[in-house]
Structures are given as C-alpha cells and as structure tokens.
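K.L.:
Below is one structure. I have some questions about it.
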DNA sequence: CAAAGCCATCCATTTCGGTGATGGCTCGCA
DNA sequence: TGCGAGCCATCACCGAAATGGATGGCTTTG
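Residue numbers (the working numbering), protein chains in the order written: chain A, 1 to 323; chain B, 1001 to 1323.
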C-alpha cells in the first residue's frame, strides 16, 4: 500500500463508483478495479460493496477513508515543504471577505506583489463561514475573516479592527427610529448570503431590540448592497472603511453603533497543523505590518447623536465554535 | 513521490549514508542512489550533500524529514485501521512496570487471553521513563506506568491506586530510626535502575529528611530486591501488593508511609493521536474493569506505630512533564 | 427487448524498481 | 607516495507490476 493506492481508494469512495473515479483520475476503469482489488487483497478485507449502481464503502473502508484523505494531503505538503526555500516562490491561495478585499487587501497585495514577484497569488472571496470551511479542508492556505473565532484546528491572528456602522439612505436622521419602523414599512435588510458575519450581527442587533420578521434582500457584492441602501430600500451593516466613500458622496448616511458591538476584529486564519511556506509566511508578515496601523477614529463630521440606543450582549457576536 | 520513497529517504537520513541505508533496507546501494536521485529530480531540490564520509541533509532535506518519518507511520496505522474489525484480532504490545507485571497484570492477561483468543499479546517491562518514551515513539501501543504524568501527546487513564510501603529486614522495629542510621551504617537503598518512579520516591523521601549519600544497589527484578532487603542489606519502597507475600512469610517487614506520599497511582498511558484497535480497546476496557476494584486497606496485623514521621512535599512525587 | 451504465476479467505493452558490476573519488595508513 | 578501504554515481539488464484497451456479464431503465 502506498500513497497512490490511497488516492485511488479515496477517489472511488468520493465518487461512489469505479468508472467515475477512473475518469476523475484520468485513467481507465480496469486500472482502478485492479488497484482496489490488490488493495483489498493486501489488507485482507473488502473495502467496497459492489452493487449495480456503483460501489459503497464497507465498514473497513470507512475506517480507512480518513487516512486515505489525509496521507495524500501530507504528501503534497511534504513536496511543498521540501521545494520551499528561503526566497518566496510558488503560489499562495488566500481567502478574504468581500469587504476586506475591497478596502484592506489592495495595499497589501500591491506591496506583496512587488516584494515577491515569483509568487502567484490567488484571492477567493466568500463569507466567514465559507472561508473557514475552505481553510479547514485545505482548499485555502489562509483567509481574512471576521473574528473572533475559536476552533481547535485553527490559528486566528488579529490583523485589524474595523468599526461597524449602520448604513441608511441619506435622508434618515435617526437610525433607531428608522429600524423600529422597518418591519411595519416593509423595509428590508440588505445582507450578504448566509454565513456572512455582518449579516449575523445585524440580525442579532435587531433581534435584541425585539425587531423580528424583517424581510431580507440578499446580495453578493458590496456595491449592490450600498446601491440598494442609497435607494432607500433598506439598511445594512458594514465596516466604516468600506462605506466611507459612498457616505462622502452623500449617497448613504452612516450611523455609529453602541460600544458593545461597534468594533469587529478581522483575523487572518489558517490551519494550525498545515505547512507554512516562505511565500505564505511573508504574506502573513506583510499583512500584519501593513494592516496593524492604528485606525483613524470616527470622523468629526458625523453626528454622534445618531448613535443607536441598543444594548447588544454577547449574543450579538457569535463566534464559530469548534466541532 | 510515494511512501516508499519517503521511507528510503528517511533511512538515508537516519543512517547518514546511502550504503548503510541500503543495508538497513535489505537492498543494494545503487537502488537507493537511484531513488534518492529521482526524488531530488521530482522535487527540484537537492536533499543531501554528498561528501566522502557519506551524506548529510541539506536545508530542504531537513524540511522534508519530519514528513518522511510521519507518513510511513501513518500508512502502517491505516493498514491496521482497515484490517481491524469488530472482533479483536491481531497483536498488541503493551508495557508495564516490573511491579505491575508481577501483581496486577496476571489476572488481566488471563481474562483477556480467554476473551480474545485471536490476539497475540506482548508485554514489555521497564521503568516509567522508558515506557513513556517507548509509547511516544510508537514502539508500544500502551503502558502501565506510575502516575501522575502530564504530556500533551499522551493520554493517561488511572486504573488503580497502589499503597507504597517501606520494606526492611524483619527484625527492624522502627523504620524512621533505621533509615536514619542508614548512612552511618553503610546500609543501602535497593532500587531499580534509573528511571524507576519508586526509586525517585525513595530518594526524595530520604532527601526530605536530610539523609543523603546513602549507597545504592541496583537490581533489575523485584525478587532480587526483596531478597536483598530480607538479608538486611538495605531498604526499598514497593507497592504493598508486591511485598505482601514476602511479608506474610516473615522475610521482610512492611512499614506504612505518611499520607502525603503513601498512595501512588498506576495509569494506563497511550498516545493521544494513535489508532486504537479493537484488540487494544478491549484490553483497556478489561484492565479498567478488573483493576478498578476497591483496594483492600492496610492489614490490621501491621503496627501503625511504625509509620515514619516524614513530611514529603510535592517534590516527592515528580511528574513527567511534557517537553 | 434494446440500450446504457457499471464492474470483472483477460491480454499485450510499457514502465518502473531492483540487481550486480564498474569506476571515480577521498581518506587513512604504511 | 602508493595502496586499500569505504563511499557514491553510473550503466546495462532483468523481471515484476502498473497501465491501457477490449470484451463479457449483470442490472436498470425506458
């Protein structure tokens, strides 16, 4: 049994069929059949039950599967570890929230690309939940997500603290009264898709005031959300830095939040046990360096009297717990 | 790169030479040379520096080495996991203290052998330090050692609590006076070799009374130690259950110890991350079941007045700390 | 009943790992 | 300086094992 056998086994288990596994491995079906046969002979147990619609794992196969997923991963990691040198090279794949991509990432990427010309960078956007899942399953090496998060297999490094603000159409004076009317007026929450931390915050914020049943409007982009808010369709919650330009242009109005939930941490999360290449280490170092600069406080032009009189407890900041 | 390549690589790294590695792998030198060559070609880096006295790891090789040690281990574990079924079979390799082997293990082994006839059992004896090291390096699947011990990679399950007693020749009335005279009289401590927890306890016990410089006599067997004590050559510390028979025969006399250090825990230790086969799980379950029975208290025939007036602090119970 | 999908088996081909012999190199020693 | 020992690289060769293509049996489906 070597790592190749385990890859084949894992592919069959994943696809549920020998023929399909053969295609996904760019080989022929007889080949896969033979390797599974030999593997079963070597182990002395049947790994799959054959039936007319494909194959399914036996008990023994199910016990082998975690190893068959982990060992090829480790082999890949070993390759990267060995090929890695003191000068950053290769490629890194990093996730980021839509909001972080818009306002925090550009300066980091510019500096990194200049410092490490031999590294290919791939940025994937998604919600906190999606990104965390991707990091856990090794699809991403690291990700900028909303903190705090607490998972035994993850390391979360705080890189910057954002100030969350409530966005409304510019003609709204009092955010508290506005949101209180939201349900009655059929105004909507403009939110990202499920898994977005800002969305969770906003819903928790309103729930804490007893406002429920507000309709949601889901968007996939920051620009779309801001556009809808500007049009008076609803309200949303975003980092101040993201909304600053639209506010300066008078398209939306920003309302500060009460202290308990005003600040939200952005963390750089990665697997605790994964190999950190020189290229990734450099990226992490540069991110901390460039993003940890003290954030400017709330602008003076904003009326602090608009602060909402909400008291959101810890329930408003749900952390992703380890399983 | 597959697991076989990594095994070859690890062997070369371990032995420091291609020829020596070839011998240890039961193959020829040209073969190893070739595989290392191909591995280096595949990774695009040089893994060893060749010099006249053999080879040594390059930087890249050193980064690869931990993977090359871990992956073949995982492969073996995967095999065992897959071949393992609901009925205990295969083999288990368990360590135990000499004392535990003598008095605690026989009933467990008898019951286990009857319950699991298809399992080959191997028992290895050693000191606590030796056994812990063997478990950590995967040479043993589990071991009975003296607790408490605290190591991040180990799980320690308490199975039985022993009462430690001081053994002297039968004509000694007062253990305290006896041990005080030990240094002057050139009496000896009869102890196991270094690493034995009882030995550490005994030395700490005397050191706490200011008795130092007592000569030691090292033995490898319980019987030898008891025999020497019976002959009046010295004193030792053993679990009451171990010394009970010799005491009943009048060969030695037992002296109870003060409360602080009288009880010592026996724990079943195993690696936290290692696979637990059905055979091993059954063994652990039976050990707990058979050994956790309440231990009988001190026998009435013993004179409690012989209790030593020592106060040994926590220094007398050194735990093995994680590195 | 025919077609499609799936897996097992067989066979020819190729690839890869293992073997033994040879040669170059350095070091230590006479 | 010359020689032998130890070590690694290279080469040609052999055999086992993986691969790829084709076929057949089986079941499901329309």
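Think of the CB as a built atom: it goes at the ideal place given N, C-alpha and C, for glycine as much as any other residue.
On the DSSP bridge assignment, give the partners of residue 1020 of chain B in chain order.
P.N.:
Your numbering for residue 1020 of chain B matches position 20 in the second chain. Answer is none; residue 1020 of chain B lacks a bridge partner.
K.L.:
Give the residues of chain A in contact with residue 1045 of chain B, contact being defined as C-beta atoms less than 7 Å apart.
P.N.:
Locating residue 1045 of chain B in the second chain gives position 45, where the first residue counts as 1. Under the 7 Å cutoff, chain A gives 82, 83.
K.L.:
What does the Cβ neighbour count give for residue 61 of chain A, buried or exposed, with the cut at 16 atoms within 10 Å?
P.N.:
Counting from one through the first chain, the residue named residue 61 of chain A turns up at place 61. Residue 61 of chain A comes out buried.
K.L.:
Measure how close the beta-carbons of residue 1286 of chain B and residue 1108 of chain B come, nearest whole angstrom, since I'm counting them as under 8 Å.
P.N.:
As a position in the second chain, residue 1286 of chain B is number 286, starting the count at 1. As a position in the second chain, residue 1108 of chain B is number 108, starting the count at 1. With 8 Å as the limit, residue 1286 of chain B and residue 1108 of chain B qualify as a contact, their Cβ atoms being about 6 Å apart.
K.L.:
Quick check on the DSSP output: what are the complete alpha helix (DSSP H) runs of length 4 or more inside the region 16-95 of chain A, in order along the chain?
P.N.:
Taking only runs of at least 4 residues, the alpha helix (DSSP H) segments lying wholly in the region 16-95 of chain A are 18-24, 29-43, 59-83.
K.L.:
Can you grab the Cα-Cα spacing for the pair residue 1164 of chain B / residue 1243 of chain B, in whole Å?
P.N.:
For the purposes of this step, residue 1164 of chain B is taken as residue 164 along the second chain, with counting starting at 1. For the purposes of this step, residue 1243 of chain B is taken as residue 243 along the second chain, with counting starting at 1. Cα to Cα, the separation comes out at about 10 Å.
K.L.:
For residue 1160 of chain B, which option in B/1146, B/1169, B/1038, B/1151 has the closest C-alpha, if you only look at C-alpha atoms?
P.N.:
Indexing the second chain from 1 puts residue 1160 of chain B at position 160. Of the listed residues, the one whose Cα sits closest to residue 1160 of chain B is B/1146.
K.L.:
Cα separation between residue 9 of chain A and residue 15 of chain A?
P.N.:
As a first step, residue 9 of chain A must be located in the first chain, where it is residue number 9. As a first step, residue 15 of chain A must be located in the first chain, where it is residue number 15. Looking at the two C-alpha atoms, the distance is approximately 10 Å.
K.L.:
Please determine, among B/1071, B/1038, B/1012, the residue with the shortest C-alpha to C-alpha distance to residue 1027 of chain B.
P.N.:
Stepping through the second chain from its first residue, residue 1027 of chain B is reached at position 27. Selected option, being the one with the closest Cα: B/1012.
K.L.:
Applying the criterion that 16 or more other CB atoms from any shown protein chain within 10 Å of the CB defines a buried residue, is residue 1003 of chain B buried or exposed?
P.N.:
Walking along the second chain from the start, residue 1003 of chain B turns up at place 3. By the neighbour-count rule (16 or more Cβ atoms within 10 Å), residue 1003 of chain B is buried.
K.L.:
Under 8 Å between beta-carbons, which chain B residues line up against residue 63 of chain A? List them in chain order, please.
P.N.:
Here residue 63 of chain A refers to the residue found at position 63 of the first chain. Correct list: 1081, 1082, 1084.
K.L.:
Specify the secondary structure class of residue 1130 of chain B as computed by DSSP and reduced to three states.
P.N.:
Walking along the second chain from the start, residue 1130 of chain B turns up at place 130. Three-state result, residue 1130 of chain B: helix.
K.L.:
Alpha carbon to alpha carbon, how far is residue 119 of chain A from residue 283 of chain A?
P.N.:
Residue numbering aside, residue 119 of chain A sits at position 119 when the first chain is read from its first letter. Residue numbering aside, residue 283 of chain A sits at position 283 when the first chain is read from its first letter. Roughly 10 Å between the two C-alpha positions.
K.L.:
Could you tell me whether the Cβ of residue 1076 of chain B comes closer than 7 Å to any Cβ of chain A?
P.N.:
Against the second chain, residue 1076 of chain B aligns to sequence position 76. Not an interface residue.
K.L.:
Can you name the residues of chain B whose CB is closer than 9 Å to the CB of residue 70 of chain A?
P.N.:
Along the first chain, one-based indexing puts residue 70 of chain A at 70. Residues of chain B passing the Cβ test: 1074, 1078.
K.L.:
Which partner residues of residue 145 of chain A appear in the DSSP bridge assignment?
P.N.:
Residue numbering aside, residue 145 of chain A sits at position 145 when the first chain is read from its first letter. Paired residue(s): A/267.
K.L.:
Given 8 Å as the limit, is there contact between the region 275-282 of chain A and the region 77-89 of chain A, that is, 3 or more CB pairs closer than that?
P.N.:
Yes, since at least three Cβ pairs between the region 275-282 of chain A and the region 77-89 of chain A fall closer than 8 Å, the two stretches touch.
K.L.:
Cβ closer than 8 Å: which chain B residues qualify as neighbours of residue 4 of chain A?
P.N.:
Your numbering for residue 4 of chain A matches position 4 in the first chain. Correct list: 1002.
K.L.:
For the alpha helix (DSSP H) holding residue 106 of chain A, just list the boundary residues, first then last.
P.N.:
Locating residue 106 of chain A in the first chain gives position 106, counting from the first residue. Looking at the DSSP string, the run of the alpha helix (DSSP H) that includes residue 106 of chain A is 105-115.
K.L.:
Indicate whether at least one CB of chain A lies closer than 7 Å to the CB of residue 1060 of chain B.
P.N.:
On the second chain, position 60 is the one that residue 1060 of chain B refers to. By this cut-off, residue 1060 of chain B is an interface position.
K.L.:
Measure from the C-beta of residue 201 of chain A to each C-beta in chain B and report whether the shortest distance is under 7 Å.
P.N.:
Sequence index remark: in the first chain, residue 201 of chain A carries index 201 (1-based). Output row for residue 201 of chain A: interface = no.
K.L.:
Below 8 Å on the Cβ atoms is my contact criterion, and I expect residue 229 of chain A with residue 190 of chain A to pass it. Report the Cβ-Cβ distance as a whole number of Å.
P.N.:
Counted from its first residue, the first chain places residue 229 of chain A at position 229. Counted from its first residue, the first chain places residue 190 of chain A at position 190. That belief holds up - the Cβ atoms of residue 229 of chain A and residue 190 of chain A are roughly 6 Å apart, short of 8 Å.
K.L.:
So, does the CB of residue 67 of chain A fall closer than 7 Å to a CB anywhere in chain B?
P.N.:
Taking the first residue of the first chain as 1, we reach residue 67 of chain A at position 67. By this cut-off, residue 67 of chain A is an interface position.
K.L.:
With C-beta atoms as the reference, is residue 129 of chain A less than 7 Å away from residue 94 of chain A?
P.N.:
Numbered from 1 along the first chain, position 129 holds the residue referred to as residue 129 of chain A. Numbered from 1 along the first chain, position 94 holds the residue referred to as residue 94 of chain A. For residue 129 of chain A and residue 94 of chain A, no; Cβs fall outside 7 Å.
K.L.:
If you draw a straight line from the C-alpha of residue 997 of chain B to the C-alpha of residue 51 of chain A, how long is it?
P.N.:
Residue 997 of chain B falls outside the range modelled here, since chain B spans only 1001 to 1323, and no answer is possible.
K.L.:
What is the DSSP secondary structure of residue 120 of chain A, counted as helix, strand or coil?
P.N.:
Within the first chain, numbered from 1, the residue matching residue 120 of chain A stands at position 120. Residue 120 of chain A falls in the strand class under three-state DSSP.
K.L.:
Does residue 1139 of chain B come out as helix, strand or coil in the three-state DSSP assignment?
P.N.:
Locating residue 1139 of chain B in the second chain gives position 139, where the first residue counts as 1. In the structure shown, residue 1139 of chain B sits in coil (DSSP, three-state: anything other than H, G, I, E or B).
K.L.:
Considering residue 1233 of chain B, what are the terminal residues of the alpha helix (DSSP H) in which it resides?
P.N.:
On the second chain, position 233 is the one that residue 1233 of chain B refers to. It is not in any alpha helix (DSSP H) - residue 1233 of chain B carries neither H nor E in the DSSP assignment.
K.L.:
Where do the ends of the alpha helix (DSSP H) carrying residue 1274 of chain B lie?
P.N.:
In the second chain, counting from the first residue as 1, residue 1274 of chain B sits at position 274. Neither: residue 1274 of chain B is in no alpha helix (DSSP H) and is coded neither H nor E.
K.L.:
Determine which residues share a DSSP beta bridge with residue 1255 of chain B and list them.
P.N.:
For the purposes of this step, residue 1255 of chain B is taken as residue 255 along the second chain, with counting starting at 1. Residue 1255 of chain B pairs with B/1166.
K.L.:
In whole angstroms, give me the CA-to-CA distance for residue 1233 of chain B and residue 1249 of chain B.
P.N.:
One-based indexing of the second chain puts residue 1233 of chain B at position 233. One-based indexing of the second chain puts residue 1249 of chain B at position 249. Each residue's Cα considered, the two are about 18 Å apart.
K.L.:
Please name the residue in B/1162, B/1255, B/1081 whose C-alpha comes closest to that of residue 1292 of chain B.
P.N.:
The count along the second chain starts at 1 and reaches residue 1292 of chain B at position 292. The option with the nearest alpha carbon to residue 1292 of chain B is B/1162.
K.L.:
Please report how far the alpha carbon of residue 79 of chain A lies from the alpha carbon of residue 205 of chain A, in whole angstroms.
P.N.:
By 1-based counting over the first chain, the position of residue 79 of chain A is 79. By 1-based counting over the first chain, the position of residue 205 of chain A is 205. If I take the Cα positions, the gap works out to 47 Å.
K.L.:
If you run the structure through DSSP and keep just helix, strand and coil, what is residue 214 of chain A?
P.N.:
Here residue 214 of chain A is taken as the residue at index 214 of the first chain, counted from 1. Three-state result, residue 214 of chain A: coil.
K.L.:
Count the other CB atoms within 10 Å of the CB of residue 1168 of chain B; is the residue buried (16 or more) or exposed (fewer)?
P.N.:
In the second chain, residue 1168 of chain B corresponds to position 168, counting from 1. The residue is buried, with at least 16 neighbouring Cβ atoms inside 10 Å.
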